[in-house]
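Undergrad: Below: one structure in structure tokens.
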Ligand code: GDP
């Protein structure tokens, strides 16, 4: 699909003042560090290293913006819940993402990326609570690491615990890539979701 084929890097924002001016529809991606969020974004955009996260805990966290064909934006939140993340960094994450979510932007939905082997960790659940009634897709990555029965069980666990839409995904086999693009295209066509910004306080 064309929307995702010619993305370019737009901006990296470490604080509210650095966010690019709002306007175009925005699709956000959130997830724990190391779940495969950057790989998933790269797979969706058909690029090898457009989204890339440094694995160094303690580095400056930024929200990265990519412009898609047609002007919509893909918004990559910093990863959360890094095992060794220092406390101030967690506070910084909350401040930055909270500022983004609280700002009056045209957010069409949030893709919450989770490892299919460990879906809905306490931090994921906290984030989902924080997102309120924002439209959400639960993207279960690294599906190639699980067998058929385990995948079915993962989907069952997720749908029993949350009424959000869920999709199995693998950046390695590209399972779910086209389906995910299709869903996100639908989100963009449906337009802005967050008439009211979600509540603060993860
Ligand atoms: P992020 O921190 O969430 O952005 O995670 P990355 O995209 O950097 O991926 C973390 C690690 O998981 C890397 O070693 C990737 O090669 C690996 N990985 C990411 N996606 C997949 C996937 O779909 N399947 C498998 N087998 N490995 C993956």
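In our numbering, the protein residues as written are 13 to 214.
Where is the CB? At the ideal position from N, CA and C, for every residue including glycine.
Is residue 189 a contact residue of the ligand GDP, with contact defined as CB to any heavy atom under 7 Å?
TA: Within the chain shown, the letter at position 177 stands for residue 189. Every heavy atom of the ligand GDP is 7 Å or more from the Cβ of residue 189, so no.
Undergrad: Counting pairs of Cβ atoms below 8 Å between the region 78-92 and the region 155-165, do you hit three or more?
TA: In short, these stretches do not touch, since the Cβ pair count stays below three.
Undergrad: Start and end of the beta strand (DSSP E) containing residue 178?
TA: Counting from 1 along the chain shown, the entry for residue 178 is found at position 166. First-last of the beta strand (DSSP E) with residue 178: 177-180.
Undergrad: Determine which residues share a DSSP beta bridge with residue 43 and list them.
TA: Within the chain shown, residue 43 is the residue found at index 31, counting from 1. DSSP output for residue 43 lists 125 as bridge partner(s).
Undergrad: DSSP on residue 169, reduced to helix/strand/coil?
TA: The residue given as residue 169 occupies position 157 in the chain shown. Helix, per DSSP.
Undergrad: Listed in chain order, which residues are found with a beta carbon closer than 6 Å to a heavy atom of the ligand GDP?
TA: Working through the chain, the matches are 43, 45, 46, 47, 48, 49, 50, 51, 65, 91, 153, 154, 156, 157, 182, 183 and 184.
Undergrad: Along the chain, where does the beta strand (DSSP E) that runs through residue 189 open and close?
TA: Against the chain shown, residue 189 aligns to sequence position 177. Not the beta strand (DSSP E): residue 189 falls in the alpha helix (DSSP H), residues 189-202.
Undergrad: Which residues in the same chain as residue 89 place their Cβ atom closer than 7 Å to its Cβ, once the five residues preceding and following it in sequence are excluded?
TA: On the chain shown, residue 89 is found 77 positions in, with the first residue counted as 1. Within the same chain, residue 89 has close Cβ partners 40, 41, 42, 75 and 109.
Undergrad: Work out the CA separation of residue 111 and residue 188 for me, nearest whole Å.
TA: As a first step, residue 188 is located in the chain shown; it is residue number 176 there, counting from the start. As a first step, residue 111 is located in the chain shown; it is residue number 99 there, counting from the start. Roughly 31 Å between the two C-alpha positions.
Undergrad: Secondary structure at residue 19, three-state DSSP: helix, strand or coil?
TA: Within the chain shown, residue 19 is the residue found at index 7, counting from 1. Reduced to three states, the DSSP call for residue 19 is coil.
Undergrad: Apart from the five residues on each side of it in sequence, which residues of its chain come closer than 8 Å, Cβ to Cβ, to residue 17?
TA: As a working note, residue 17 is residue 5 in the chain shown. Around residue 17: 57, 58 and 81.
Undergrad: Between the region 129-145 and the region 18-38, do at least 3 Cβ pairs fall closer than 8 Å?
TA: No, they do not touch.
Undergrad: Only counting the same chain, and skipping five residues up and downstream in sequence, which positions put a Cβ closer than 7 Å to that of residue 117?
TA: In the chain shown, residue 117 corresponds to position 105, counting from 1. Hits under 7 Å: 34 and 38.
Undergrad: Tell me which same chain residues have a C-beta within less than 8 Å of the C-beta of residue 167, skipping the five on either side of it?
TA: On the chain shown, residue 167 is found 155 positions in, with the first residue counted as 1. 152, 178 and 180, listed in sequence order.
Undergrad: Take residue 165 as the anchor and find which of 128, 27, 120 and 115 has the nearest alpha-carbon.
TA: As a first step, residue 165 must be located in the chain shown, where it is residue number 153. The shortest C-alpha separation from residue 165 is found at 128.
Undergrad: Is it right to say residue 91 is buried, meaning 16 or more other beta carbons lie within 10 angstroms of its own, or is it exposed?
TA: As a working note, residue 91 is residue 79 in the chain shown. It is buried - the Cβ of residue 91 has at least 16 other Cβ atoms within 10 Å.
Undergrad: Could you give the C-beta distance for residue 146 and residue 114, rounded to a whole number, given that I count them as a contact under 8 Å?
TA: As a first step, residue 146 must be located in the chain shown, where it is residue number 134. As a first step, residue 114 must be located in the chain shown, where it is residue number 102. With 8 Å as the limit, residue 146 and residue 114 do not qualify as a contact, their Cβ atoms being about 12 Å apart.
Undergrad: Taking only the alpha-carbon atoms, compute the straight-line gap between residue 137 and residue 107 and give it to the nearest angstrom.
TA: Locating residue 137 in the chain shown gives position 125, counting from the first residue. Locating residue 107 in the chain shown gives position 95, counting from the first residue. Their backbone Cα atoms lie some 18 Å apart in a straight line.
Undergrad: Can you grab the Cα-Cα spacing for the pair residue 86 / residue 171, in whole Å?
TA: Within the chain shown, numbered from 1, the residue matching residue 86 stands at position 74. Within the chain shown, numbered from 1, the residue matching residue 171 stands at position 159. Straight-line Cα distance between these residues: approximately 25 Å.
Undergrad: Can residue 140 and residue 174 be called in contact, C-beta distance under 8 Å?
TA: Along the chain shown, one-based indexing puts residue 140 at 128. Along the chain shown, one-based indexing puts residue 174 at 162. Against a cut-off of 8 Å, the Cβ pair of residue 174 and residue 140 comes out as a contact.
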